[in-house]
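Residue numbers (full-length UniProt numbering): 1 to 341. Every residue gets a Cβ at the ideal spot worked out from N, C-alpha and C, and that includes glycine. Below you'll find the structure, written out as structure tokens, and then a few comments.
Structure (structure tokens):
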């Protein structure tokens, strides 16, 4: 432990001959008397992916210490646009771009294509100190297109790698990887390397068929449309059957297709057209037949809309919807007590 001495200390001028101090001279307050600043950071050329965080250094020595610290201002620019003067952000600068005074660096978060370019840090010393960094944005995109003509192109990801999990028939198609940066045009590749497929074809299987409606309600002299959805790779041949027999197409019965949908149109239905229809698909790997689609002149299945107890508490107002192309001659309403099975 120590305590103050009762004796006045003795000062000698020679003890402080080399010390710097503030003598109250206003003209010298901002003059740094130490060694000149020297740039330590080196110019960088950075290749970044969209979404990355990029740090641009501007570190220099002999900044001064104590009351002399940070005697020099730092200016950050992108091309001719000012970004920061020290901590002061220029108007319109994206909040993703940040300045850190502690190490005089510029940090860009969630980097985007428009961030590509040349960044310059300038130190206000005479002569000025400068360092310049170049940022290239490397953009990757995976797309998928169905094998068949007219298939839609779908963007899957902008990540460098793609992983397909729990794959099934819907994943069949052409996968393409394309890349671009701000230095040249977009390029794509179709070769296979040891890590992944840049351009690949997945799955081959027998046809798979779904029907849009299992019961088609119509009437004589009305039209009817039957539809099968067929997925197959390789592409399948599709034809229609009526009561198990191939249909002879004519002006009265027409077949067409729209993508995976295969359609049978019956113009002005006749009584002999009421029947059970199926579609059949065949490719080099096998064949498949659809569920039965019944074309009928009978009323469709009623759909209950509401059942409201009347104001007297004894009557019941029931509303339903039904499709019928022939006049309805009789309705039968079935009911049971609540709770009965």
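Between 50, 326, 309, which has its C-alpha nearest residue 141's C-alpha?
Start at 1 with the first residue of the chain shown, and residue 141 comes out as number 141. Between residue 141 and the set 50, 326, 309, the nearest pair of CA atoms involves 50.
Rounded to whole angstroms, how far is the Cβ of residue 206 from the Cβ of residue 288, which I believe are closer than 8 Å?
Here residue 206 refers to the residue found at position 206 when the chain shown is read from its first residue. Here residue 288 refers to the residue found at position 288 when the chain shown is read from its first residue. About 6 Å separates the beta carbon of residue 206 from that of residue 288, a gap short enough to meet the 8 Å contact definition.
Take residue 306 and list the residues in its own chain whose beta-carbon comes closer than 6 Å to its own, dropping the five residues that flank it on each side.
Residue numbering aside, residue 306 sits at position 306 when the chain shown is read from its first letter. Here the set comprises 319.
Can you name the start and end residues of the beta strand (DSSP E) that residue 90 belongs to?
Here residue 90 refers to the residue found at position 90 when the chain shown is read from its first residue. Where residue 90 is concerned, there is no enclosing beta strand (DSSP E), given that its DSSP letter is neither H nor E.
Using the C-alpha atoms, what's the distance from residue 55 back to residue 101?
For the purposes of this step, residue 101 is identified with residue 101 of the chain shown, where counting begins at 1. For the purposes of this step, residue 55 is identified with residue 55 of the chain shown, where counting begins at 1. Between the alpha carbons of residue 101 and residue 55 lies a gap of roughly 13 Å.
Any beta strand (DSSP E) of 3 or more consecutive residues that is wholly inside the stretch 241-318:
Listed in chain order, the complete beta strand (DSSP E) runs (minimum 3 residues) inside the stretch 241-318 are 253-258, 261-266, 275-283, 286-289, 293-296, 303-309.
Inter-stretch contact at 8 Å, needing at least 3 Cβ pairs: the stretch 211-226 / the stretch 309-325:
The stretch 211-226 vs the stretch 309-325: in contact.
According to DSSP, residue 58 sits in a beta bridge with which residue or residues?
The residue given as residue 58 occupies position 58 in the chain shown. DSSP, once it has assigned bridges, lists no residue as partnering residue 58.
Taking just the CA atoms, how far does residue 83 sit from residue 61?
For the purposes of this step, residue 61 is taken as residue 61 along the chain shown, with counting starting at 1. For the purposes of this step, residue 83 is taken as residue 83 along the chain shown, with counting starting at 1. Residue 61 and residue 83 have their alpha carbons spaced roughly 23 Å apart.
Given this structure, state the Cα-to-Cα distance separating residue 165 from residue 154, to the nearest angstrom.
Walking along the chain shown from the start, residue 165 turns up at place 165. Walking along the chain shown from the start, residue 154 turns up at place 154. Going by C-alpha positions, residue 165 is about 17 Å away from residue 154.
Evaluate the contact criterion for the stretch 93-113 versus the stretch 124-131: three or more CB pairs, one atom per stretch, below 8 Å.
Flag = no, the stretch 93-113 and the stretch 124-131 do not touch.
Is it the case that the stretch 247-266 contacts the stretch 296-310, given that we only count it when at least three CB pairs across the two stretches are under 8 Å?
Contact between the stretch 296-310 and the stretch 247-266 is absent, because fewer than three Cβ pairs lie under 8 Å.
Taking the CB atoms as reference points, tell me whether residue 145 and residue 77 lie closer together than 8 Å.
Mapped onto the chain shown, residue 145 falls at position 145. Mapped onto the chain shown, residue 77 falls at position 77. No, they are not a contact pair.
Which partner residues does residue 351 have in the DSSP bridge list?
This structure gives no information on residue 351, because the portion of the chain shown stretches from 1 to 341.
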